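Input: a single structure, listed below in structure tokens.
This is the structure we're talking about:
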């Protein structure tokens, strides 16, 4: 197949763009500086389509489609922002905030939190849904890191980075529904985990203040997940 | 195995039957067995032998009218007895060849009128743990026919011609699904039977698996031949121990008779089936979650596409159908697609099995032609609402479906008509409610179910169902405002539109359908602080109930 045959042309928000056939709507949009909000997506990790913030309208599709897992198709007409989608995104964000104890002013990630920035970007002024205030534990048994389940959005980035990149598979998910919890090993204290390599990748990819490094506050709590795409390219280079 | 051998086996079964003058069939379904129908069977056999009658008492599958259980069917006279006790055995044995025992008449009235048995054709007539009896009723004829006389394409053609649609709830055309999987290239393909029936009030698949397991295996083998698969899995809930046990026996017997294994029916076709037990998660009825569960992973759904037809179990093309769908396959092959399509409505063919429960005179398993009205099922077969109460609504489709009021009683059952009316076919649960049911509480019940069964992967379902449940609780307690109702409707829209899988997408349906038909009940709770059905405890009533509970604790 020639190189041209692998190119698809489509419109996103009425802008004509071209993309490789194996690209997702999200990748194509970001290459052309079209903004689609995401939370569970992180470049360098597999997609789960769980946060539902990247839902877009595709003409002819019965439902809204997650941009992070939907491949581009020839002649596709994608709308990333409309009154309806924006309303849905705000409500989904509200659901995130109300679900656990997201109180920005007393959070270690205040100012460096992806959930907080999303709320700002999408113009969320308040949360009308009642907060659930679940009683969730904080595990500070690890010498360097802490997991605070009150701030967790269950995006499973930590689970994915630990399995896919570090290969330790320390993190997992237990329980179901609102009782879901990310856990280390078989719910052993993080500090006692025998599989954890203390590499800290999970902390760097965590979008909120759920995973953080000890003895850091304020500006020092910024996360640096940028290493991931580079790491992936380097590794793929090695394999070749 | 070929046609002649099948006939020999059938002749042997008939020969054995001919030795007996009477046959007493005792139901060994879960609900009858729970009332010791196994002991009843032994007692009847002993008593019959005692009074010198040539009689055998057989174990059979569920006969349908579960509310009248334990059920006994006396052949050849065709007399049914209900509510049989062990102590009745002597009387039944003595009555053989004489006047039936009037006292044990199950009072079934018009229960069997209008019912049409295709999926349940063997139910009550064969021993579910005896493959030979299945063969004597025409079993495995279809598999032999498909393997020796038809090409895979011809099998798919017949299924497509039959107009059979997925019986698990979605109603996807079965022929189209088979054709898709057949066309996808892959060295290894799989057939999966979805037996993860989890809707509250539904027990169709359980009854089929318990009463006629060979039928499902035959359907799977034909499907495997059609799409080119060599391996199959039956995914059953661990809460169905009897179904699992009977399936295990059935698979062993099918292997022994050469219907499973290598070189089936002297052809090069090989196929084998294994059982996988579900650990009791409703979401595992969703196909991608079910596949993850079989793979040994956490049972959570993933976005589609890719569909399982392209990338399913371990990335291989996978055909996944419901128990009842597979149970419909053998007759289609035996009698042809046109025969199957001769019954039903324009776009919904054949019959549908329903589990009739709730406030109804005759609870049980029924099979009716598509196109029958709800009124015929509920008032004809089911005998209407008991104790002089008034019919209020019927819930179909489980937590994904909705409640239909009296004005929809004359609705003809079909996939499309039910969706238009705001409910859905679902797997076949049919719960009847009378004037003592509060529709807000019903919606709240189903929302609680979805909330606890949500897998927790996507946020609209995980957190949205919790919020909706709390709003419904608030309404039930008479503490809600009009603004709360608005918020509830908004949540319904968002959760339905943004959830990842079918569970979350359909979770608002019970709320939406009750809001559509019973909005006045919601408003009575909100504006008048009153529950029209008198179910919800509001205001003083709630305080009193609360105090009473307290006193009890202290006393």
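Residue numbers (this note's numbering), protein chains in the order written: chain S, 820 to 1059; chain V, 4 to 558. Don't be surprised by glycine CBs; every beta carbon is placed ideally from N, CA and C. Since the structure is predicted, the reported quantities are computational estimates derived from the model, not experimental observations.
Candidates the options, of which the one nearest residue i by Cα
i              : options                           : result
residue 974(S) : 834(S), 984(S), 1026(S), 924(S)   : 1026(S)
residue 263(V) : 415(V), 223(V), 297(V), 70(V)     : 223(V)
residue 60(V)  : 99(V), 492(V), 37(V)              : 99(V)
residue 866(S) : 886(S), 875(S), 850(S)            : 886(S)
residue 6(V)   : 478(V), 536(V), 146(V), 492(V)    : 146(V)
residue 275(V) : 50(V), 74(V), 220(V)              : 220(V)
residue 571(V) : 16(V), 534(V), 204(V)             : The question about residue 571(V) has no answer here: the residues shown for chain V are numbered 4 through 558.
residue 231(V) : 209(V), 271(V), 354(V), 242(V)    : 271(V)
residue 832(S) : 849(S), 841(S), 826(S), 840(S)    : 849(S)
residue 929(S) : 1048(S), 995(S), 915(S), 1031(S)  : 1031(S)
residue 247(V) : 308(V), 260(V), 282(V)            : 282(V)
residue 862(S) : 963(S), 879(S), 1024(S)           : 1024(S)
residue 959(S) : 1004(S), 1011(S), 899(S), 1000(S) : 1011(S)
residue 487(V) : 86(V), 500(V), 499(V), 471(V)     : 471(V)
residue 116(V) : 132(V), 381(V), 105(V)            : 381(V)
residue 23(V)  : 79(V), 68(V), 9(V)                : 79(V)
residue 467(V) : 965(S), 938(S), 927(S), 919(S)    : 919(S)
residue 502(V) : 453(V), 153(V), 525(V)            : 453(V)
residue 953(S) : 541(V), 505(V), 469(V), 540(V)    : 469(V)
residue 354(V) : 378(V), 542(V), 363(V), 120(V)    : 120(V)
Residue i: contacting residues in chain V (beta-carbon distance under 8 Å)
i              : result
residue 915(S) : 462, 466
residue 868(S) : 305, 306, 461, 503
residue 918(S) : 462, 465, 466, 469
Chain-ordered chain S contacts of residue i [CB-CB under 7 Å]
i              : result
residue 501(V) : 871, 874, 883, 907, 911
residue 455(V) : 996
residue 469(V) : 951, 997
Sequence-distant residues of its chain with Cβ nearer than 6 Å to residue i (five each side left out)
i              : result
residue 285(V) : 201, 456
residue 586(V) : Summary: the structure shown does not reach residue 586(V), with chain V confined to residues 4 through 558, and so no result is reported for it.
residue 12(V)  : 135, 138
residue 840(S) : 825, 827
residue 955(S) : 968, 969
residue 111(V) : 68
Whole-angstrom C-beta distance between residue j and residue i, which should lie under 8 Å
i               : j              : result
residue 348(V)  : residue 417(V) : 5 Å
residue 1021(S) : residue 977(S) : 4 Å
residue 478(V)  : residue 333(V) : Between residue 333(V) and residue 478(V) the Cβ distance is about 48 Å, and since that is not below 8 Å, they are no contact.
residue 127(V)  : residue 174(V) : Going by Cβ atoms, the distance from residue 127(V) to residue 174(V) rounds to 28 Å, so no, they are not a contact pair.
residue 877(S)  : residue 896(S) : 7 Å
residue 103(V)  : residue 129(V) : Not confirmed; about 23 Å, so no contact.
residue 306(V)  : residue 321(V) : Going by Cβ atoms, the distance from residue 306(V) to residue 321(V) rounds to 16 Å, so no, they are not a contact pair.
residue 980(S)  : residue 872(S) : Between residue 872(S) and residue 980(S) the Cβ distance is about 19 Å, and since that is not below 8 Å, they are no contact.
residue 434(V)  : residue 114(V) : Contact doesn't hold; Cβ gap of about 18 Å is too wide.
Within chain V, partners of residue i - CB distance below 7 Å
i               : result
residue 862(S)  : Those do not exist, as residue 862(S) stays about 18 Å from chain V at its closest Cβ, beyond 7 Å.
residue 948(S)  : 470
residue 1024(S) : In chain order: nothing, as chain V lies at least about 18 Å away.
residue 939(S)  : Here the premise fails: no neighbours, minimum Cβ distance about 19 Å.
residue 888(S)  : 306
Where residue i meets chain V, residues with beta-carbon distance less than 9 Å
i              : result
residue 891(S) : Near residue 891(S) there are no residues of chain V at all, since even the closest Cβ is about 13 Å away, more than 9 Å.
Amino acids of chain S, ordered along the chain, whose beta-carbon sits closer than 8 Å to that of residue i
i              : result
residue 313(V) : Simply none; closest approach about 13 Å.
residue 203(V) : The premise fails here: residue 203(V) is roughly 17 Å from chain S at the closest Cβ pair, so nothing lies under 8 Å.
residue 131(V) : Within 8 Å Cβ-Cβ: nothing; residue 131(V) doesn't reach chain S, min ~33 Å.
residue 483(V) : The contacting residues do not exist; residue 483(V) stays about 12 Å from chain S at best.
residue 473(V) : 949
Close-in-space but distant-in-sequence residues of the same chain around residue i (CB under 7 Å, 5 per side omitted)
i              : result
residue 44(V)  : 29, 60, 62
residue 344(V) : 164, 165, 166, 352
residue 161(V) : 335, 336, 339, 340
residue 9(V)   : 138, 143, 144, 147
Cβ shell of residue i (< 8 Å), same chain only, five flanking positions each side left out
i              : result
residue 531(V) : none
residue 820(S) : Since pLDDT at residue 820(S) reaches only 47, below the 50 mark, its modelled position is unreliable, and no value is offered.
Cross-chain neighbours of residue i in chain S, by beta carbon under 9 Å
i              : result
residue 458(V) : 995, 996, 999
residue 298(V) : Within chain S, no residue comes near residue 298(V); the closest Cβ sits about 15 Å away, beyond 9 Å.
residue 341(V) : Here the premise fails: no neighbours, minimum Cβ distance about 32 Å.
residue 493(V) : 906, 910
Are there three or more Cβ pairs, one per stretch, closer than 8 Å when the stretch 191 to 201 of chain V is compared with the stretch 306 to 326 of chain V? yes
At a cut of 8 Å, does the stretch 175 to 184 of chain V reach the stretch 207 to 214 of chain V through at least three beta carbon pairs? no
Hey, is the stretch 113 to 126 of chain V in contact with the stretch 363 to 374 of chain V, meaning 3+ C-beta pairs nearer than 8 Å? yes
Just checking, does the stretch 491 to 499 of chain V make contact with the stretch 460 to 476 of chain V on the three C-beta pairs under 8 Å criterion? yes
Three or more C-beta pairs under 8 Å: does that hold for the stretch 434 to 447 of chain V against the stretch 352 to 367 of chain V? yes
Below 8 Å, how does it come out for the stretch 500 to 517 of chain V and the stretch 393 to 413 of chain V: are there three or more Cβ pairs, yes or no? yes
At least three beta-carbon pairs within less than 8 Å, the stretch 935 to 942 of chain S to the stretch 993 to 1006 of chain S: no
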